[in-house]
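Peer 1: Below is the structure I would like to discuss, written out as C-alpha cells.
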Amino acid sequence: MKKTLFVLIGGFLGAGKTTLIAQLAKRYAAAGKRVGIITNDQAADLVDTNNLRSQGFDVGEVAGACFCCSFDSLVETAKHLSEQQIPDVLIAEPVGSCTDLVATVLLPLQQLLGDRFELAPFGVLLKPSHGERILAAEDSKLRSGFSPQAEYIFRKQLEEADYLMIGRQDQLNESQTESLRKALASVAPNVPVICISPKTGAGVDEVMGYVESPLAAGTRRLDIDYDTYADGEADLGWVNLTATLTTKSPVDLDRLATSLVASIASRLVDDTTAQIAHLKVSVLGDGAQAVANKVSNLAPVESGLEANRSAVGVVQIIVNARVAMDPGILEVACRDCVTTIASDEQASLDSMIAHSLRPGRPTPTHRVTSPR
C-alpha cells in the first residue's frame, strides 16, 4: 500500500500557515503529486477552508475541536480525501492555539497508522510581530498583550518543532532577523531555523527540502503543564460569523473585505483592551473570493487573496476572529460591524449567524509519552 506523506505545519494564530500551505500545495501539484489539505478549528465556517478550496485544492475540515482532541475525525477526514485516489501528500494545519502535537497527533499516527502515513519533520512557523514581544528579554519594554498562559502556548509550540521558520521575511531587516534567531536559539536550542516569506514564496523550496529530508519527525516531546495550557487557550475569545447580503449595485469584493477587517479591528483596539491574534474576513460573490486579515493590533490590514472584481446580488461574508478578550463582547462587535457595512453598501442583510466561545480544556484522544 502506498504511503501518504503527512505534513503538519504548526504555528501561532496569524503566523501565515494557510498561505504557506497553499504555496507548498501548488509546488507539489506542479510536480504531478496528488495533494490533500486538512484544516482545523474550534468551530465550523473557516475562512481558510474556503480560501484553499477557491484555489482549487482538495480540502477537508475538522471542526469543533483541535486535531489532538478529535484524532478520530482527523483520520476519518484523511480517509475521505483518499476515497477516489490516495494522496501523495497530505498537509494538515492545526488550530493556532494548540501545542503538544508531537505526542497527541504525530506519534499516534506513527504508532497506529504507520502503514498508511510517512511522517514529515514537524515545522513550526513563527510570526515575527508576536515573536519579538513574547520572546523579548525580561528587561525589555516590549509587551505582547497576551496573558503569561497564552505566551506559554506560543513558547511550547516552538519547543517541539523539528525545524523552525521565521515568516514574513520580506518585512524584516537583517537586525530583526538576527534578533529572532538568537531568541529562538534560547527557546529551542539546536533546532534548525530558516527564513521564509509565504506571501512571496521566498524560502518555500527550502521548506520542501526539510519536508522531504531524512530528518526524524516528532523527536521533541514536550514536558507540558496542561493546566497552564488550558488557561492559555481560555484566554482567547473566538468568533466565527457568517452573513449573507444582497446588493443591487456592484460591490468591490476586495474593498469590502479590507473595510470590514479595518472596522472590526478599529472598534476592538479603540474601545477595549483586546489583543488581536488573528482577524480574517472572506467575501464571496459571483464565483470570486476576497480575503483580508490583520494579525495583531499594530499590524496593517493585508490582503490574503484578491478577487479583483465587483459582484452584484448575493454576497457571503465569513468572519473568523481570534482575540484575547471576552468572546461575547467580540461577537457583538463583529455583528455590529457587519450590520453597519451592509447599511453603508445599501445592501439588505438577509441572514447572520455567529458562534462565540472560549476553547475548552484540551483532552487528547491519545498521548504518546515514550517510543513504542
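First residue of the sequence shown: 18, per my numbering; consecutive thereafter.
Cβ atoms here follow ideal geometry from the backbone N, Cα and C, with glycine treated the same way.
Here the structure is a predicted model, which is why all the values come from computation and not from measurement.
Ignoring anything shorter than 4 residues, give me the alpha helix (DSSP H) runs that lie fully in the region 151-216, in order along the chain.
Peer 2: 165-176, 191-204
Peer 1: Between V298, T116, V92, A282, which has its C-alpha nearest I108's C-alpha?
Peer 2: Of the candidates V298, T116, V92, A282, the one whose C-alpha sits nearest the C-alpha of I108 is V92.
Peer 1: Sorted by chain position, which residues of the same chain lie with C-beta nearer than 7 Å to V385's C-beta, five sequence neighbours on each side aside?
Peer 2: A120, L124, P125, Q128
Peer 1: Would you mind working out which of V256, D132, A324 sits nearest A61, comparing C-alpha positions?
Peer 2: V256
Peer 1: If you count every other CB in all the chains shown that lies within 10 Å of the CB of K19, and 16 or more means buried, which is it?
Peer 2: Counting Cβ neighbours within 10 Å, K19 comes out exposed, since fewer than 16 surround it.
Peer 1: Nearest to Q72 by CA position, among A341, L322, H383, is which residue?
Peer 2: L322
Peer 1: How is E2 classed by DSSP in three states: helix, strand or coil?
Peer 2: Past the boundaries of the shown model lies residue 2; the chain is included only from 18 to 389, so the question cannot be answered.
Peer 1: From which residue to which residue does the beta strand (DSSP E) around N67 run?
Peer 2: Element bounds for N67: not the beta strand (DSSP E) but the alpha helix (DSSP H), 64-71.
Peer 1: Among the residues of its own chain, which have a CB less than 6 Å from the CB of N67, if the five just before and after it don't count?
Peer 2: Result list for N67: S299, in chain order.
Peer 1: Can you tell me where the beta strand (DSSP E) holding T263 begins and where it ends?
Peer 2: 254-269
Peer 1: When we look at the beta-carbon of P206 and count the other beta-carbons within 10 Å, is it buried (16 or more) or exposed?
Peer 2: Exposed, by the Cβ-count rule.
Peer 1: Is there contact between the region 212-223 and the region 282-294, where contact requires at least three CB pairs shorter than 8 Å?
Peer 2: By the Cβ rule, the region 212-223 does not count as touching the region 282-294, because fewer than three pairs are nearer than 8 Å.
Peer 1: Near G162, what residues of its chain come up, given a Cβ to Cβ distance below 7 Å and the 5 sequence neighbours on each side ignored?
Peer 2: Q292, N314, A341
Peer 1: Can you list, in chain order, the residues of its chain with a C-beta nearer than 8 Å to that of K265? Leave out the 5 residues immediately preceding and following it.
Peer 2: V329, Q363, A364
Peer 1: Per DSSP, what kind of secondary structure is R339 in: helix, strand or coil?
Peer 2: strand
Peer 1: Opposite Q333 in the DSSP bridges: which residues?
Peer 2: T261, L301
Peer 1: Can you name the start and end residues of the beta strand (DSSP E) that A80 belongs to?
Peer 2: Following the DSSP letters along the chain, one finds A80 inside the beta strand (DSSP E) bounded by residues 75-80.
Peer 1: Going by the DSSP bridge assignment, what does A137 pair with across the sheet?
Peer 2: According to DSSP, A137 bridges with nothing at all.
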